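Going line by line, the protein sequences match chains A and D. Note that the first sequence covers residues 927 to 1438 in my numbering. Note that the second sequence covers residues 6 to 310 in my numbering. Just so you know, even glycine gets a beta-carbon here, dropped at the ideal spot from N, CA and C. A quick note: this is a predicted structure, and the numbers were derived from the prediction, not measured.
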Amino acid sequence: MMRRLAGALALTLATATGSADEASQVTVAFAAEPPQTDPTRAIGGVDEYFLTLFYEQLLNVDPNLDRVDWLAESWSFEPSGTDHVLSVKLREGVRFHNGDTLSAHDFRYAYERQRDPVSRSAIRFRYVRDLVVHDEYRFDVVFDRPDALFAHWNLALWAVPRRYFEAVGDAGVQAHPVGTGPWKFVSRKPREELVVERFEDYWNADAAPRAKQLVIKIIPEDTTRVAAFKTGAVDWIDGVPPAQVAEFGGLPGVRMASLPTPNNLYFAINAVDPRNPLADVRVRQAVAHAIDIDAIVEHIVHGQGIRTVQVAPGTLGYDPTLEPYAYDPVRARALLAEAGYPTGFNVNCYNLTTPREPNIKEVGEAAFAFLRAVGVRCRIVQIEYGAWVYLMRAASQPTMDGIISAMGWQGLPGDPTDAWSSHLHTFTEQWGRLSYHADPEFDPLIETLRTTMDPTRREALARRIVRLKHERVAGGLPTYRPVVSLAWRDTIAFRPWPGAYWRSMYEIDVAR
Amino acid sequence: MRRYILHRLWQGAVAVVGALLIVFVAQRLSGDPVALLLPMDATEADFEAMRSALGLDRPLPVQFVVFLRDALLGDFGHSYLWNMPAMDLVLERLPATLELALAGLVFALALAVPLGVLSAVHRGGWIDNAAKLFAMLGQAMPGFWVGLLLIVFVAVQLQWLPAYGRGTVGHLVLPAIALGWYPVAAMTRTLRSAMLDIMQSDYVRMERAIGLPERAIVWRFALRNAAVPLVTLIGVYFANMLGGAFVIEVVFAWPGVGRAVVEAVFARDFPVVQAGVILAAVIFVVVNLIVDLTYGLIDPRIRHE
């Protein structure tokens, strides 16, 4: 009786949102919410979560992780005298949500916004001198020197409607984003939900969503998000907690996808002070032998990580013949003794805590415990993301000398050039912003990699760096590439696209 | 009375500015917001340009004085992340927090008052023992854990109430219980102690001697006198609920002030943190002032002169 009464009460109290289109409405839950809905003011990470709903770039990465032409019908990167020119021919007839037609002038406008210092992504245009519009559908980006990463960033520019942006200003853009993307903005309640509807004039019928409306709920707490899914309040969730992936896999009527994220995790091994034992390559090798990374991936992140020797499979420079440092505490102790530390040494170990990567705090704690077992005695300092991101910068004072749990973006499909430019190249005005490492042999290799456009030469160069980096345990000890798990009910038809950390909502529909 | 109120308001203003100063300095010691706003590979020139754009390149005392001046003129700065006035961002979430705090308080009082009174009246009896057990559990179980248990059992297993979010009365029930859970314990114990003292006082003996019904003695006369320490607790807990419901707000995805401010702390969004601290401090001061003034209404012997 009590149960029936309570059930009736629950029915009365629970929200009943009904509409004519309810049958083709999909409700999803994200663990994090981006403040940004303006792509020219975003820097990636969580910022991207909403962007790919509304906005698009010249290139895109499809579900097979192939980079494909998107708003660019064609493009080429050729030397032209002393310059290097990226020539772009736009797809014709693409419309913005407000009805404006996409043209090369919109990209000129995007270029001006994105290279403004307040755009937060101006650094991506460091080699770009100008953007020249030839006609409505053709423009050139003129470089002082070639930049191989430009393609990795989908040619960096975002399609934004110039006239709309100028008319409504920054606040207007944030309040009501307008792009060429598959979804049109309807409403937003920050920290609660975003409601979007299918863009009927979307240019790409193959990738267009079929659901009429998409409601994105923001539920940061894992248990609550999972509960919302299990109670049927939402149809799709991101970030299934690693410990529950196995359970979700066995739930009837539930589908799951575990997908690689663009981040690579590693332990930075910093020795700013030359007396720091970590300056000795044998000590760094000992550290590599001392940590059982396979066990950490299996037990701490419940298998939700792809073990990396240097870079993950599918990434530029991936070398399948490269063997990881075996977990070998005896060898680690021997190397320490050989380096003059038979009884070990004390070292600062900075443990990053952030909800961005599941269980990263526990991963650090386990690794530092492994190190202690061979005599590398960690003085553990817990450090939250905001402090970490500041102290990781090589120009920061005080510096973090020691072993640091860290993460670096390599993208999908992976390209480590950006990451190595930051944490492997020697610290200079333009390079090595996160680097406490100085090895002159790497610097010209990384600089050449950045400006080498030929894919074959790039692969060979990257493999050379990978091998050298591995032998010297330089620029840190890579551990694994985290996997993100998405779950959805089989009443939903969904195909994951890799943009926005697999939260792009192209092919989504109610099952028909 | 007016002099008392003016004096308390002056003290309150000093407290607000003091709290703000501490937060202002502490958050700037905790890291550079520009590091979170720019890509990690940004150059020092990019950093300087962004610091200058945000006014963070000025000396700290100058930043504080400029902030106070602007705040007095109603300008609490712009959120670094959300591209909107910081105080607007906080205030638009205040109704959600007020709603949750009031519901949490109502839940706490609805349980604590009868439990506290009955356990004092039936001292040593089963109600008293049950109340003690309840109070012990209340103090031993953190609210966020109670919240997770409620989600797992009430929302997922029984499917009686929604697991998260805001919208209907149903959405309010579980977070209100989780938020009010801890205060129930403290309020019950406090009211029980006060009631035990009062019930042994001369005037209660006198009321019994003249033949007043026990129910009237307990609920009409004794409870009113025992309520003074309870009112103090109500003030403290209500202010805490308004300013410190962050964990419950996260657990239930409740879009309140606490969650916004704590997220701003992690993002080093200084203007939002400052706006949140000012709001919380003002609420704390006002609620405590109201509580102090309420003493006089409950017990006419207390006068603020």
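- Secondary structure note for HIS1023 (chain A): it is in no beta strand (DSSP E), with a DSSP letter that is neither H nor E.
- THR1374 (chain A) sits in a helix when the DSSP states are folded into three classes.
- Contact between PHE1296 (chain A) and ASP1218 (chain A) is confirmed by a C-beta separation of about 6 Å, below the 8 Å threshold.
- Between the beta-carbon of ALA265 (chain D) and that of ARG98 (chain D) there is about 5 Å, and that keeps the pair under the 8 Å contact cut.
- ALA1153, ALA1154, LYS1156, THR1157, ALA1159: these are the residues of the stretch 1151–1168 of chain A whose beta carbon lies less than 7 Å from some beta carbon of chain D, given in chain order.
- Less than 8 Å separates the beta-carbon of ALA244 (chain D) from that of ILE288 (chain D).
- Within the stretch 129–209 of chain D, the alpha helix (DSSP H) runs of at least 4 residues that lie entirely inside it are, in chain order, 131–145, 148–155, 174–204.
- As computed with DSSP, GLY1334 (chain A) is found in a beta bridge with A:ASN1190.
- With a 10 Å radius around the Cβ and a threshold of 16 neighbouring Cβ atoms, VAL71 (chain D) comes out exposed.
- Within the stretch 149–166 of chain D, contact with chain A at the beta-carbon level (separation under 8 Å) is assigned to LEU153, ILE156, VAL157, ALA160, VAL161, LEU163, GLN164, TRP165, LEU166.
- Straight through space, the alpha carbons of ALA136 (chain D) and MET192 (chain D) are spaced by roughly 11 Å.
- Nearest to GLY1107 (chain A) by C-alpha distance, out of A:ALA1093, A:ALA1133, A:ASP1096, A:GLY1098, is A:ALA1133.
- Looking at the backbone, the Cα of GLY36 (chain D) and that of GLN68 (chain D) are separated by about 16 Å.
- In this structure the stretch 981–991 of chain A does not touch the stretch 106–124 of chain D; the number of beta carbon pairs closer than 8 Å is below three.
- Contacts with chain D at 8 Å (Cβ-Cβ) do not include LEU1028 (chain A).
- DSSP places HIS1102 (chain A) outside both helix and strand once states are collapsed to three, so it counts as coil.
- Taking one beta carbon from each stretch, the stretch 1349–1359 of chain A and the stretch 1396–1415 of chain A have 3 or more pairs nearer than 8 Å; the two touch.
- A check of alpha carbon separations from MET1333 (chain A) across A:GLY971, A:LEU1191, A:VAL1059 identifies A:LEU1191 as the nearest.
- Every alpha helix (DSSP H) stretch that sits fully inside the stretch 1012–1096 of chain A and reaches 4 residues is listed by chain position as 1030–1040, 1075–1078.
- Closest option to SER950 (chain A), judged by alpha-carbon separation, among A:PRO1200, A:ARG1041, A:GLN1139, A:VAL1166: A:GLN1139.
- For the pair PHE226 (chain D) and ILE132 (chain D), the Cα-to-Cα distance works out to about 21 Å.
- Look at GLY185 (chain D): its C-beta is not under 8 Å from any C-beta on chain A.
- A residue is called buried once 16 or more other Cβ atoms fall within 10 Å of its Cβ, and ASN1189 (chain A) is buried on that count.
- Interface flag for ASP62 (chain D) against chain A is unset, since no Cβ pair is found closer than 8 Å.
- When the beta-carbon positions are compared, ALA1036 (chain A) and THR966 (chain A) come within less than 8 Å of each other.
- Setting aside the 5 residues that flank it on each side, PRO90 (chain D) is surrounded in the same chain by ASP80, PHE81, GLY82, HIS83, SER84, each with a C-beta closer than 8 Å to its C-beta; the list follows chain order.
- When only Cα atoms are considered, ARG1055 (chain A) and GLN279 (chain D) end up about 40 Å apart.
- Within chain A, the C-beta atoms nearer than 7 Å to that of PHE257 (chain D) come from THR1150, in chain order.
- Here MET1182 (chain A) carries a strand assignment [DSSP, helix/strand/coil].
- Close to GLY109 (chain D), with beta-carbon spacing below 9 Å, lies no residue of chain A; the smallest spacing is near 17 Å.
- Residues of chain D with a Cβ closer than 9 Å to the Cβ of GLU1355 (chain A) are, in chain order, THR48, GLU49, ALA50.
- In the displayed model, GLN1236 (chain A) falls within coil according to three-state DSSP, outside both helix and strand.
- Taken atom to atom, the span from the alpha-carbon of ASN230 (chain D) to that of ASN1274 (chain A) is near 58 Å.
- If you compare the alpha carbons of A:ALA1216, A:HIS1215, A:ARG1233, A:VAL1302 with that of VAL1223 (chain A), the shortest gap goes to A:ARG1233.
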